[in-house]
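Following: one structure in C-alpha cells, then a few remarks.
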Amino acid sequence: MDKVVASAADAVADIADGASLAVGGFGLCGVPSVLIRALHEQGAGDLRIVSNNCGLDGRGLGQLLAAGRIARAMGSYVGENKEFARQYLAGEIEVELMPQGTLAERLRAGGAGIPAFYTPAGVGTLVAEGGLPWRYAADGSVEIASPPKEVREFGGRPYVLEEAITTDFALVRAAKGDRHGNLVFDKAARNFNPLCATAGRVTLAEVEELVEPGELDPDAVHLPGVFVQRVVALTPEQAADKPIERRTISAPPARGTVRS
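Heads up: the sequence shown begins at 27 in the working numbering, then just goes up one per residue.
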C-alpha cells in the first residue's frame, strides 16, 4: 500500500516515447512542475498531452514544448504561451481545442468508465460540424481538420456527442497526500487535478506535504488513493516554488487621498 517512490525521476522512468499524459493544473496553478521537470530530463518525446493549457514559456509544460517533445495537445486554450502558438501556427504540433467544460467532462467520463456523453456546448459551431484546424501545413493551409460529430435531439434541443478521454499516465500536484495515495488539493489547485488523476491509467502525484496513513480526515480527502499509483514527496524548496502567471496589483492611492 505504500506508494511513495524515492524521487520524481523514478516516478517518470517508464514513460515512453509516444505516451499520452493527462496533466493537472490551470495556467501555473496546481501544475505538477517537479514531475514535468523530471520528465524533461528523462527524455521521452512524441508525447500526447491532455491539459487545460500548456503553461507558459519555459514553465510547466512549456519546458516540454520548448524542447519539441509534444506531438499533440488537447486543451481548452493556447493561453499566453507564445511558443505554443508559434508551433501550432507553424504546423509543428497538432492541437485539439474544445470548450473548457467539455474538456473537464471528457476527463471525468474517462475516469468514471463512461465512453461518451451528449452536451449542448458546441452545437451549431465547428466543434460539432467539423473543420477546426488541428494541424496546419507549412504554407498556412489546414492539413488536418476536426471531423464532424454526431448531433442528436433530446427534448427538442440538439446535443453533440463527445467521447471520453483516458491516458496512459496522469501527472498531478496536491497540497497533502498520504502513503496510500489519498490526496487533498488546496483551493484553486483543485482545478483539473482530480479529473486528470482519474483519467490516467497510471497516476503520479507530487505532494507538498506527505503524511502518514490515518492522518487525513476522510471527509477532507478530495481524491481517494485508489486512483493514485505513485507518490512523490516534495522538498520544502520544491513545495514553495509557486510562480505567479500574471502579477496584478492596484495603483497606490494618491498622496492625501482618504480611503472610504
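Glycine residues also receive a C-beta, built at the ideal position from the N, C-alpha and C atoms.
- Excluding sequence positions up to five before and after Q126, its CB lies within less than 8 Å of the CB of N78, S102 and Y103, all in the same chain and listed in chain order.
- DSSP lists L47 and V228 as the bridge partner or partners of F195.
- Contact between G86 and G51 holds, with the beta-carbon distance rounding to 7 Å and staying under 8 Å.
- The beta-bridge partner set that DSSP reports for T145 consists of V186.
- Exclusion of the five residues before and after L249 leaves L209, P220 and A223 as the residues of its chain whose Cβ lies within less than 6 Å of its Cβ.
- With respect to the 9 Å criterion, A200 and A215 are classified as neighbours on the basis of their beta carbons.
- Scanning its chain for C-beta atoms nearer than 8 Å, with the 5 sequence neighbours on each side dropped, one finds around E179 the residues Y185, in chain order.
- Distance from the Cα of A196 is smallest, within the candidate group A39, I75 and D43, for I75.
- The beta strand (DSSP E) runs of length 3 or more contained entirely in the stretch 103–165 are, from start to end of the chain, 120–123, 142–145 and 159–162.
- The shortest CA-to-CA distance from V258 to any of C80, V49 and P58 is the one to P58.
- For L82, no alpha helix (DSSP H) encloses it, and the DSSP letter there is neither H nor E.
- A check of alpha carbon separations from G81 across V49, G71, D72 and A97 identifies V49 as the nearest.
- In this structure, D83 lies away from D43, with their beta-carbon atoms at least 9 Å apart.
- Under the three-pair Cβ rule at 8 Å, the stretch 130–140 does not count as touching the stretch 150–164.
- Boundaries around L73 are those of the beta strand (DSSP E), L73 to V76, since no alpha helix (DSSP H) includes it.
- With a contact defined as Cβ atoms closer than 8 Å, Q68 and A35 qualify at about 7 Å.
- DSSP links K268 through a beta bridge to no other residue.
- R256 is bridged by DSSP to L230.
- By the neighbour-count definition (other C-beta atoms within 10 Å, threshold 16), E176 is an exposed residue.
- Residue range V177 to F180 is occupied by the beta strand (DSSP E) that includes R178, with no alpha helix (DSSP H) assigned at that position.
- In this structure, DSSP gives R95 a state outside helix and strand, which the three-state scheme calls coil.
- Within a 10 Å sphere around the beta-carbon of R256 sit 16 or more other beta-carbons, which makes this residue buried.
- Judged by DSSP secondary structure, E169 falls within the beta strand (DSSP E) whose first and last residues are V168 to A171.
- In this structure, S33 lies away from D194, with their beta-carbon atoms at least 9 Å apart.
- When beta bridges are read from the DSSP output, A42 appears opposite no residue.
- Residue state for E263 is assigned as helix, using DSSP reduced to three classes.
- Residue burial is scored here from C-beta neighbours: R132 has at least 16 other C-beta atoms within 10 angstroms and is therefore classed as buried.
- Going by beta carbons, E109 and A92 fall inside the 9 Å limit.
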